[in-house]
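Structure record follows, encoded as C-alpha cells.
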Amino acid sequence: RAAHRAAMIITVSQHAKQDIMEALKLPPERIRVTYEAAGEEYRPVTDPNILAVTQARYSLGRRYILYLGGLDQRKNVPQLVRAFAHLYRRIGDPELQLLIAGNPEKQSGPLFPDPRPVAADLGMAGQIIYRFIEEEDKPTIYSGAGLFVFPSLYEGFGLTPLEAMSCGTPVVCSNRTSLPEVVGDAALCIDPDNVEEMVDAMYRVLTDSTLSADLRARSLKRASQFSWEKTATETLKVYEETFSRSAKTR
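Going by the numbering used here, the residue at position 179 of the sequence shown is 348; the numbering climbs one at a time, nothing skipped.
So this is what it looks like as C-alpha cells:
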C-alpha cells in the first residue's frame with residue numbers, strides 16, 4: 170500500500186527497479202535509481218607493517234581469499250567452501266587460506282546454513298577462518314587479500330564487492346541479479362551454482378599475475394564511478410522533481 174501511495178520510489182539498482190515493477194506492478198516512471206557507494210575509508214592499504222599486523226590479528230598468513238557479506242542462505246557460502254576445497258588441492262599451496270567474515274555460531278537454522286560441516290567433510294577445517302572483522306580493519310583486510318569472492322544468489326545492490334574494488338582487490342562474483350551491473354567489466358562474473366566455474370576463475374586470478382594486476386586497475390577505476398556525494402546529489406534531484414510535480418497538482 171505504501172508503494173502504491175508513494176509519489177516516487179528510490180531504489181539502489183536497475184535490477185531492483187525491475188523487481189519492484191514486476192512484484193508491485195508499478196510503472197517505471199515512478200521509480201528512480203540512485204546507486205550506493207563504498208565509504209571514503211575504503212582505499213588501498215599498501216604499508217607492509219600495517220598489513221602484517223592486521224593480518225596477524227586475524228590469524229592470517231601471506232596468502233588468503235576473502236569473503237565478507239553475511240552467512241544467510243542466499244549468500245551461497247557453503248558453495249564457496251566447496252570451491253575453495255577444489256582450488257586448494259589444485260593450487261597445492263599449503264598456506265592458502267579462506268577468510269569468511271562472520272561468526273556461524275551467532276546465526277543458525279535453515280536460513281543460515283553452517284559452512285563448517287561442509288569444510289570438515291572436505292578436510293578444509295584447518296584452512297578456513299571464521300572471524301568478525303572490525304570496521305576499522307576492513308580496508309586492510311580487503312587490501313591484503315589475493316582475491317575477494319562473492320558467490321551470492323541475490324543482491325539488491327552488492328556493496329561488499331564495491332568495497333573490495335575500492336581497495337584494489339581482484340573480485341570474482343556471481344553473475345546474478347544486480348552484481349554485474351555494479352562490478353561492470355572490473356570483475357570475473359561466474360555462475361554461482363557452478364563449482365567448477367568458480368574454481369577456474371579463482372585459480373586464474375591467483376596464478377596469473379597479469380590478470381590480477383589488470384583486475385586491480387579495473388577495480389579502482391570502476392569503484393571511482395560511485396560516491397556517496399553522487400548518491401546524495403541524485404537523491405536530492407528526486408526530491409526536487411517530486412516536490413515540483415506535487416506543486417503543479419495543487
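For every residue, glycine included, the Cβ atom is placed at its ideal position computed from N, Cα and C.
Would you call the CB atoms of residue i and residue j closer than 7 Å?
i, j, result
"THR203", "ILE219", "no"
"ARG391", "ALA355", "yes"
"SER182", "GLU365", "no"
"TYR233", "LEU268", "yes"
"LEU331", "ALA207", "yes"
"LEU256", "MET371", "yes"
"ASP241", "PHE281", "yes"
"ALA175", "THR411", "no"
"ARG387", "GLY337", "no"
"ALA288", "VAL246", "no"
"GLY238", "THR329", "yes"
"SER343", "PRO361", "yes"
"SER312", "PRO213", "yes"
"LEU357", "GLY327", "no"
"LEU316", "VAL374", "yes"
Can you tell me whether residue i is helix, strand or coil according to DSSP?
i, result
"PHE253", "helix"
"ILE298", "strand"
"VAL202", "strand"
"LEU357", "strand"
Go ahead and label residue i buried or exposed: buried means 16 or more other beta carbons lie within 10 angstroms of its beta carbon, across all protein chains shown.
i, result
"ARG414", "exposed"
"PRO217", "exposed"
"ALA172", "exposed"
"GLY295", "exposed"
"TYR227", "buried"
"SER426", "With the chain running from 170 to 419 in the structure shown, residue 426 is simply not present."
"TYR211", "buried"
"THR215", "exposed"
"ALA314", "buried"
"SER321", "buried"
Start and end of the alpha helix (DSSP H) containing residue i?
i, result
"TYR372", "364-376"
"TYR211", "Per DSSP, TYR211 belongs to no alpha helix (DSSP H) and is neither H nor E."
"ALA289", "285-290"
"LYS186", "183-193"
"ARG174", "171-174"
How far does the beta strand (DSSP E) with residue i in it reach, from first residue to last?
i, result
"ALA401", "Run containing ALA401: none in the beta strand (DSSP E); it sits in the alpha helix (DSSP H), 397-417."
What alpha helix (DSSP H) runs, 4 residues minimum, are completely inside the stretch 305-355? 307-313, 328-335 and 348-352
Unbroken stretches of the alpha helix (DSSP H), 4 residues or longer, contained in the stretch 215-270: 217-226 and 246-260
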